[in-house]
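Asker: Protein sequences appear in the order of chains A and B. The opening position of the first sequence corresponds to residue 64 in my numbering, with each subsequent residue numbered one higher. The opening position of the second sequence corresponds to residue 64 in my numbering, with each subsequent residue numbered one higher.
Number of protein chains: 2
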Amino acid sequence: MEYTQQLEFHFDRIDKEAIPYLSVDCIIFGFHENQLKVLLVRWKNTEEWSLPGGFIHKTESVDDSAQRVLEERTGLRNIFLRQFQTFGASVRYDTADTWKRLNLPIDHFRWTNRTISIGYYALVDFSRVNPTPDFMTEACQWWDVDMVPPLLFDHNDIIDSALKTLRIQLNWQPIGYNLLPEKFTMPELQKLYETILGRTLDPRNFQKKILGLEILDRLKERRRGGAHRSPYLYSFNKEQYEAALQEGSLMFL
Amino acid sequence: MEYTQQLEFHFDRIDKEAIPYLSVDCIIFGFHENQLKVLLVRWKNTEEWSLPGGFIHKTESVDDSAQRVLEERTGLRNIFLRQFQTFGASVRYDTADTWKRLNLPIDHFRWTNRTISIGYYALVDFSRVNPTPDFMTEACQWWDVDMVPPLLFDHNDIIDSALKTLRIQLNWQPIGYNLLPEKFTMPELQKLYETILGRTLDPRNFQKKILGLEILDRLKERRRGGAHRSPYLYSFNKEQYEAALQEGSLMFL
DNA sequence: CCAAAAGTGTTAGGGCTACACCCATGT
DNA sequence: ACATGGGTGTAGCCCTAACACTTTTGG
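Pasting the structure below:
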């Protein structure tokens, strides 16, 4: 069976090149049609989904491992990426059950032993991502964060944890800058904040606060298309955005 | 040489029982005489200091490893402990130089290879700690955070990173509760906040804000001893403190 | 003309900062 | 008595939250 041989070859290499007992998992967030999305992969010959992840080469920094996973799944380089937590419980999930669900043709200690996983979240421009499965998975797709199915391993918990982090870091990290395309409207930015925070915001107060930070440029162009007033387009002023983040001008609580 | 044999025995066990390429490092913070302190260890037959750390048993949670290190160095159980970052750069420090400075009688891949380290900070009541070296170190002592000498590995960077985290988490974590003895005065609490934040605070505003949170009980007793007015003693009201933290009533920025 | 969404200003209240003097205690 | 540090109140400002109507556009 060809897949079996591929797997054996793959794990021979991993045994040689990668650090045992350790992995990285990536929560890749995107924003599309006013919904916060995560990128998930479906494992070959199963209906089981998980976060994209990978192993850490012995000579590679952990950040680079995560960046590599991201590049492979999205086709993008230099993605905004933050380590947010290391998951090191001695029993993170039911290994026997997971092993069954994975339906793998080969055995390996990495499936049956405890693994410590370093969690990263990434923020990407949805429209530029080209979702690509790896050779152990046969699908790679965006899911609405609040429609995510029961995942393999403890990946549902990891997503929850990433979301919590994202909410907190909304104040300090250039989250809009990374999740939105270059040009966007004020209502789109507001929806993004509302989605992440899980509550509605007043459009007048939102606009005042955001514009008060002086990190946006209002463009001449407007967006057209709806049967309604055309919204202005904005783009981030990169210098001023980064300066503001430096000196810690926060936003929402 | 007896130490050499001990070390060989120790590392034989570690090779069997502990996860390779991984360690935990603990930044143990205390507060004494209006100074924020960290607990450091000095390695045998050297003048070189480092953070206390340890390895992770294959069946043990990472949190438990850190708790174990803490218990061994301080004699305290159930210490307040938070994971704050995993240090995974491919080159964290000059291994050749470090190897020389360690002055160890045996060789082992853990000294010459890259290691990924999971960083924890702990907050302890200074007065209850009994600093205890382990068998590879011959001293365990408190240092003023701003008098820390050049440490082994990248431990100076790790301390800086822990301090940054501490400043941010001052808002959400029961930092006063864990760093101070049961009874303390308002000026002591204020000094603690000032030390961590690195700036002075107005005593009237500080008192107003803290008392407004309704998490302190003012005791009948006062502290005596100085040639000046005796300050009130306070203690944390545990229930109300934890309730306030739950609902996220923050404090300083 | 109508439906849908975008754009916009004012007011009231709470929290933050700034600021200075008297009090209690031990020597 | 004096030196040391502890304890306390007020006023201005800014930021925040609450709140509703008009404008633009496409169908």
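Even for Gly, the Cβ is constructed at its ideal location relative to N, Cα and C. Bear in mind that the values here come from a model prediction, so they are computed numbers and not experimental data.
Which chain B residues are close to valine 125 (chain A), counting only those with a beta carbon under 9 Å from its beta carbon?
Answerer: Here the neighbours are Thr149, Phe150, Gly151, Ala152, Ser153, Ile179.
Asker: Does DSSP classify histidine 291 (chain A) as helix, strand or coil?
Answerer: Histidine 291 (chain A) falls in the coil class under three-state DSSP.
Asker: For chain A, find out if any of its Cβ atoms is closer than 7 Å to the Cβ of tyrosine 66 (chain B); answer yes or no.
Answerer: Cβ-Cβ to chain A under 7 Å: no for tyrosine 66 (chain B).
Asker: Which residues in chain A sit within 8 Å of threonine 122 (chain B), going by Cβ to Cβ distance?
Answerer: Those within 8 Å of threonine 122 (chain B) in chain A are Ser153, Arg177.
Asker: Give the C-beta separation of leucine 276 (chain A) and tyrosine 297 (chain A) to the nearest angstrom, bearing in mind that I take them to be a contact with Cβ-Cβ under 8 Å.
Answerer: Not confirmed; about 12 Å, so no contact.
Asker: Rank A:Leu255, A:Leu229, A:Tyr304, A:Leu103 by C-alpha distance to the C-alpha of glutamate 201 (chain A) and give the top, closest one.
Answerer: Measuring from the Cα of glutamate 201 (chain A), the nearest candidate turns out to be A:Leu103.
Asker: Mind checking phenylalanine 189 (chain A): buried by the 16 CB within 10 Å criterion, or exposed?
Answerer: Buried, because 16 or more other Cβ atoms sit within 10 Å of the Cβ of phenylalanine 189 (chain A).
Asker: With 7 Å set as the bound, which would you pick, yes or no: does the beta-carbon of isoleucine 82 (chain B) sit closer than that to a beta-carbon of chain A?
Answerer: Cβ-Cβ to chain A under 7 Å: yes for isoleucine 82 (chain B).
Asker: Could you tell me which of B:Tyr84, B:Phe74, B:Ile222, B:Gln270 sits nearest to tyrosine 184 (chain B), measuring between CA atoms?
Answerer: When each option's Cα is compared against that of tyrosine 184 (chain B), the closest is B:Ile222.
Asker: Check whether the Cβ atoms of valine 101 (chain B) and valine 208 (chain B) sit closer than 7 Å, and answer yes or no.
Answerer: Yes. Within cutoff.
Asker: Give me the Cα-Cα distance between methionine 249 (chain B) and aspartate 197 (chain B), rounded to the nearest whole angstrom.
Answerer: Distance between the alpha carbons of methionine 249 (chain B) and aspartate 197 (chain B) is about 37 Å.
Asker: Residues bridged to glutamate 184 (chain B) by DSSP?
Answerer: The residue you asked about is not glutamate; residue 184 (chain B) is tyrosine in the sequence shown. Beta-bridge pairing links tyrosine 184 (chain B) to B:Ile90, B:Arg145.
Asker: Between B:Gln232, B:Tyr240, B:Thr228, which lies nearest to glutamate 302 (chain B) when the distance is taken from Cα to Cα?
Answerer: The candidate whose alpha carbon is nearest that of glutamate 302 (chain B) is B:Tyr240.
Asker: Give the DSSP-derived three-state secondary structure of phenylalanine 134 (chain B) in the structure shown.
Answerer: The question names phenylalanine, but residue 134 (chain B) is glutamate in the sequence shown. It is helical.
Asker: Should lysine 163 (chain B) go down as buried or exposed, given a rule of 16 or more other Cβ atoms within 10 Å for buried?
Answerer: It is exposed - the Cβ of lysine 163 (chain B) has fewer than 16 other Cβ atoms within 10 Å.
Asker: What residue does the beta strand (DSSP E) around arginine 191 (chain B) start on, and which one ends it?
Answerer: Counting along the chain, arginine 191 (chain B) falls outside any beta strand (DSSP E), and DSSP gives it neither H nor E.
Asker: Spatial neighbours of glutamate 284 (chain A) within its chain, please: CB distance less than 6 Å, with the 5 preceding and 5 following residues excluded, ordered by chain position.
Answerer: For glutamate 284 (chain A), where only same-chain residues beyond five positions count, the Cβ hits under 6 Å are Leu296.
Asker: According to DSSP, simplified to helix, strand and coil, what is valine 154 (chain B)?
Answerer: Of the three classes helix, strand and coil, the one that applies to valine 154 (chain B) here is coil, per DSSP.
Asker: Please classify proline 290 (chain A) as buried or exposed, where buried requires at least 16 other C-beta atoms within 10 Å of its C-beta.
Answerer: The residue you asked about is not proline; residue 290 (chain A) is alanine in the sequence shown. Flag for alanine 290 (chain A) reads exposed.
Asker: Does the Cβ of glutamine 148 (chain B) have 16 or more other Cβ atoms within 10 Å, making it buried, or fewer, making it exposed?
Answerer: By the 10 Å Cβ count, glutamine 148 (chain B) comes out buried.
Asker: By DSSP, does serine 298 (chain B) sit in helix, in strand, or in coil?
Answerer: Strand, per DSSP.
Asker: How would you list, in chain order, the residues of chain A whose beta-carbon sits under 8 Å from the beta-carbon of glutamine 236 (chain B)?
Answerer: Going along chain A, no residue has its Cβ under 8 Å from glutamine 236 (chain B), so there is no contact; the nearest lies around 13 Å.
Asker: DSSP on glutamate 305 (chain A), reduced to helix/strand/coil?
Answerer: DSSP places glutamate 305 (chain A) in helix when its eight states are reduced to three.
Asker: For aspartate 75 (chain B), which residues in the same chain have their Cβ closer than 6 Å to its Cβ, ignoring the five residues on either side in sequence?
Answerer: Answer for aspartate 75 (chain B): no residue qualifies.
Asker: Let me make sure I understand the geometry here. Which of A:Leu167, A:Ile179, A:Leu242 has the alpha-carbon closest to that of threonine 258 (chain A)?
Answerer: Of the listed residues, the one whose Cα sits closest to threonine 258 (chain A) is A:Leu242.
Asker: Anyone know if the C-beta pair for phenylalanine 118 (chain B) and serine 153 (chain B) falls short of 7 Å?
Answerer: Not in contact: phenylalanine 118 (chain B) and serine 153 (chain B) (Cβ atoms no closer than 7 Å).
Asker: What does glutamine 232 (chain B) reach in chain A if we use C-beta pairs closer than 9 Å?
Answerer: Residues of chain A passing the Cβ test: none, with the nearest at roughly 10 Å.
Asker: I think threonine 161 (chain B) touches leucine 215 (chain B), with their Cβ atoms under 8 Å apart; what is that distance to the nearest whole Å?
Answerer: 6 Å between Cβ atoms; contact.
Asker: My guess is that arginine 105 (chain B) and leucine 139 (chain B) are in contact by the Cβ rule of under 8 Å, so how many angstroms apart are they, rounded?
Answerer: In fact, because the Cβ distance is near 21 Å, the residues do not count as touching under 8 Å.
Asker: Under 8 Å Cβ to Cβ from isoleucine 179 (chain A), same chain only, skipping five residues before and after it: list those, please.
Answerer: Cβ neighbours of isoleucine 179 (chain A) beyond the five flanking positions: Tyr84, Leu85, Ser86, Thr149, Phe150, Gly151.
Asker: Return the CA-CA distance between lysine 107 (chain B) and tyrosine 66 (chain B), expressed in angstroms with no decimal places.
Answerer: Straight-line Cα distance between these residues: approximately 10 Å.
Asker: Since glutamine 146 (chain B) meets chain A, which of its residues come closer than 9 Å, beta carbon to beta carbon?
Answerer: In chain order: Gln148, Thr149, Gly151.
Asker: Within 10 angstroms of the Cβ of serine 267 (chain A), are there 16 or more other Cβ atoms? Answer buried if so, exposed if not.
Answerer: The displayed chain sequence assigns arginine, not serine, to residue 267 (chain A). By the 10 Å Cβ count, arginine 267 (chain A) comes out exposed.
Asker: Helix, strand or coil for aspartate 197 (chain B)? Go by DSSP, reduced to three states.
Answerer: Residue state, collapsed to three classes: coil.
Asker: CB-CB under 6 Å to asparagine 97 (chain B), same chain, minus the five flanking residues each way: which ones, in chain order?
Answerer: Correct list, in chain order: Lys254.
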